[in-house]
DNA sequence: TCAAAAGTGTTGTATATACACCCATGA
DNA sequence: TCATGGGTGTATATACAACACTTTTGA
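Protein chains in written order, with full-length UniProt numbering: chain H, 1 to 234; chain F, 1 to 234.
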C-alpha cells in the first residue's frame, strides 16, 4: 500500500497581524495586495509556507520582508481553514500576530507593498477572512496582556510610565488611575529607572524606564492580574 | 499570470490529544497506528483534512470516530509544521485537545483502533512529534484551567466537591486545602446542589452537584484565579 | 465504638481600590 | 505666575490563606 495516496494537498499560507503603537493609538499594518485574486485590495501581509521552513519560520520571513524586523514578538493565533476562504484555490492559513516597536519599523521596505498603518477603529474591509483574523488577534492581545507583561513589546527600549499607561488604556479602551497604575507596574520589579527624562510631552518631564530583560524573561509566565475584571474588556 | 502557480501543496492533518479523568488520575487516549509509516506504534488519533471540511470539523470527525462522542470540549492547540516531521511526506498537523467524560466514552468503537488510556506519567514514546503535542496540551490545560472553569468537562453530569478537588489535584500534581477549595468553588455560583449523595467512596457520603449550564456559559470567560500561583505549576 | 471522609467558620494578612495634594518647569 | 502633566501616600474594603473541630455512618 502506498501511504497517503489519493489525499488532497493544500496550499498553506501564513498571514501576519502586525500591531504597533504610535504613542497614542494602537495601529495595524496593512498592505495593498499585489496579485490576483483581489489585487489592490487591503490585506494582511502574508506568504506561503516554503518547502524548507516550518510555519513559524515562514511568519518570521514574511514579517521581516515587510518591516525589516526580526526578533520581535510573534505568536501563532490559529488556523483559518474554511474550504472556500480563497475563491481561487483552497488555502489553509495560519494567522500569526506580531507586536513591534513602531519606531524600529523601516518605512522604505513597506513602500514596495504600499503598506499603511490603520487605527483599530478605522480598519477597512480586507480580503477573504482577514477581518476575522484581526478581530481574533485583538482579542488575544487583550487576553494575554491582562495576564502577562506583553505590551512592553510595543514600546521603544526607553519609555515612561505615562507612556505605558496610555498604551494600556488604548488596548483596553478605558482609563486607569495613574497612582494605582504606577504602583502596580513598579511592584512587578521589571523596570529599571533611568537617569534621564522624556521632555517632549510635558514641562516637568517623566523619567525613562527600561525593562530588566532577565526578570522579564523569567517572570513572563507569572500571572499579573494586571487589568481588574479583565474579562469585561475581552 | 496564473495565481498560486509553482507552489508546494501539503497534506494537512489534525491530531487529537484526548484527555479523560477516571476519578483518580488524568489519562490520555492513544491508538495503535494502523498503517505505514510507523504502523503498530502508539500514536495520537488523527486524520486528514478533507476537501469539504475545515480543520475544526476534521477534528470533530476524528474525535467521534474514536470515542463516539460529539459536542465535547475541543480546542485548537497549534500547528506542528516542521518539514520533516513525517519521514514519508511532508504533513502539516493541527493539534487539537479534547476533554471528555471518560464514562461516556464508548469502548467498543475504539477496539477497532486498539485504543488504550494511559496515565500521564506513563505515556509511551509516540510517533513523529506526538509527544511534543501531548506536552503542549498538558501545559495548555493547566494554563487554561487555572483561569477558567474548564475541568468540569472531564466530570460526569453529577459530581461531588471531593471528586472535583481530586481532579484539580491531579491536574496540578499538588494538594489543596479542602476548606478553601470548597469555599472557592461554591463562591463561583456555578454549582447546583442535588438532593442525593455519592456513597461509594465514603460512609457519610458527599452531596452531588450539577453545573448551572447557563451560568457556566456566561461566566466561562471570567478569570478565576483558581490556582494560587498557578504559574508555578505550568 | 471507631475509623474515615464530609462538611463548616474564624482570624490574620495581603492586596486592591479610592481618593487629593505637592512638584517641577516652560511658556 | 500659572497651567500642565508628573509623581507620591494613606485609609478602607476585599480577597486569600492558614488553620481545627464536628458530623455522619458503615464496618
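The C-beta atom is built at its ideal place from N, Cα and C for all residues, glycine as well.
If you're wondering where the values come from, they're calculated on a predicted model, not measured in any experiment.
So, residue 58 (chain F) versus residue 50 (chain F), is the Cβ gap smaller than 8 Å?
In this structure, residue 58 (chain F) lies near residue 50 (chain F), with their beta-carbon atoms less than 8 Å apart.
Residue 216 (chain H), DSSP secondary structure in three states:
Helix, per DSSP.
Check each residue of the region 48 to 66 of chain H: if its Cβ is closer than 8 Å to any Cβ of chain F, include it; give the result in chain order.
The region 48 to 66 of chain H vs chain F, Cβ under 8 Å: 48, 49, 50, 51, 52, 53, 54, 55 and 56.
Quick check on residue 41 (chain F): does DSSP put it in helix, strand or coil?
The DSSP-derived three-state label of residue 41 (chain F) is coil.
Residues that residue 8 (chain F) contacts on chain H, provided the C-beta gap is smaller than 9 Å
Chain H residues near residue 8 (chain F): 9, 11, 12, 48, 49, 50 and 51.
Contacts that residue 200 (chain H) makes with chain F (C-beta to C-beta distance below 7 Å):
Residues of chain F with a Cβ closer than 7 Å to the Cβ of residue 200 (chain H) do not exist, since the nearest Cβ in that chain sits about 36 Å away.
Just curious, the alpha helix (DSSP H) that residue 132 (chain F) is in, first and last residue?
That run of the alpha helix (DSSP H) goes 130 to 145.
Report the three-state DSSP secondary structure of residue 100 (chain H) (helix, strand or coil).
Coil, per DSSP.
Which residue wins for smallest C-alpha separation from residue 84 (chain H), given the options F:9, F:54 and F:77?
Comparing Cα positions, the closest option is F:54.
Chain F contacts from the region 71 to 105 of chain H (Cβ-Cβ distance under 9 Å)
For the region 71 to 105 of chain H, which is checked against every Cβ of chain F, the residues closer than 9 Å are 76, 78, 79, 80, 81, 82, 83, 85, 86, 88, 89, 90, 91, 92 and 94.
Residues in the same chain with beta-carbon distance under 8 Å from residue 124 (chain F), minus the five sequence neighbours each way, listed in chain order, please.
Excluding positions up to five away in sequence, the list reads 30, 42 and 118.
Could you compute how far the alpha carbon of residue 82 (chain F) sits from the alpha carbon of residue 92 (chain F)?
Put simply, the backbone Cα of residue 82 (chain F) is about 8 Å away from that of residue 92 (chain F).
Exposed or buried, residue 163 (chain H), counting other C-beta atoms within 10 Å across all chains shown (16 or more means buried)?
By the 10 Å Cβ count, residue 163 (chain H) comes out buried.
Measure the alpha-carbon distance for residue 75 (chain F) versus residue 18 (chain F) and round it to whole angstroms.
Taking the straight line from one Cα to the other gives about 11 Å.
Any chain H beta carbon closer than 8 Å to residue 225 (chain F)
Closer than 8 Å to some Cβ of chain H, the Cβ of residue 225 (chain F) qualifies, so yes.
Cα-Cα separation between residue 210 (chain H) and residue 201 (chain H), rounded to whole angstroms:
In a straight line, the C-alpha of residue 210 (chain H) is about 18 Å away from that of residue 201 (chain H).
Whether or not the region 187 to 197 of chain H and the region 132 to 147 of chain H are in contact is what I'm after, with contact meaning three or more pairs of Cβ atoms, one per stretch, closer than 8 Å; do they touch?
In short, these stretches do not touch, since the Cβ pair count stays below three.
For residue 31 (chain H), which beta-bridge partners are listed by DSSP?
Beta-bridge analysis with DSSP links residue 31 (chain H) to H:43.
Only counting runs of 3 or more residues, tell me where the beta strand (DSSP E) segments fall wholly within the region 144 to 223 of chain H, in order along the chain.
Along the region 144 to 223 of chain H, the beta strand (DSSP E) occurs as fully enclosed runs of 3 or more residues at 191 to 198 and 206 to 211, listed in sequence order.
Measuring straight from C-alpha to C-alpha, what distance separates residue 208 (chain F) and residue 148 (chain F)?
For residue 208 (chain F) and residue 148 (chain F), the distance between alpha carbons rounds to 21 Å.
Residue from H:72, H:213 and H:87 with nearest C-alpha to residue 98 (chain H):
For residue 98 (chain H), the closest alpha carbon among the candidates H:72, H:213 and H:87 is that of H:72.
Pull the bridge partners of residue 78 (chain H) from the DSSP assignment, please.
H:95.
For the beta strand (DSSP E) that contains residue 12 (chain H), what are its first and last residues?
Residue 12 (chain H) -> beta strand (DSSP E) spans 11 to 21.
Length of the line joining the Cα atoms of residue 102 (chain F) and residue 151 (chain F)
Using only the alpha carbons, I get a separation of about 13 Å.
Could you name the residues that DSSP lists as bridge partners for residue 48 (chain H)?
Residue 48 (chain H) pairs with H:13.
Select from H:178, H:89, H:86 and H:44 the residue whose C-alpha is nearest the C-alpha of residue 67 (chain H).
Of H:178, H:89, H:86 and H:44, the residue nearest in Cα terms is H:44.
Could you give the first and the last residue of the continuous alpha helix (DSSP H) run that contains residue 57 (chain H)?
Where residue 57 (chain H) is concerned, the enclosing alpha helix (DSSP H) starts and stops at 55 to 67.
Per-residue DSSP class, three states only, for residue 26 (chain H)
Three-state result, residue 26 (chain H): strand.
With the cut-off set at 8 Å, would you say residue 170 (chain H) and residue 227 (chain H) are in Cβ contact?
No, the Cβ-Cβ distance between residue 170 (chain H) and residue 227 (chain H) is not below 8 Å.
Comparing alpha-carbon positions, which option in H:52, H:96, H:165 and H:104 lies nearest residue 60 (chain H)?
Checking every option, the nearest Cα to that of residue 60 (chain H) belongs to H:96.
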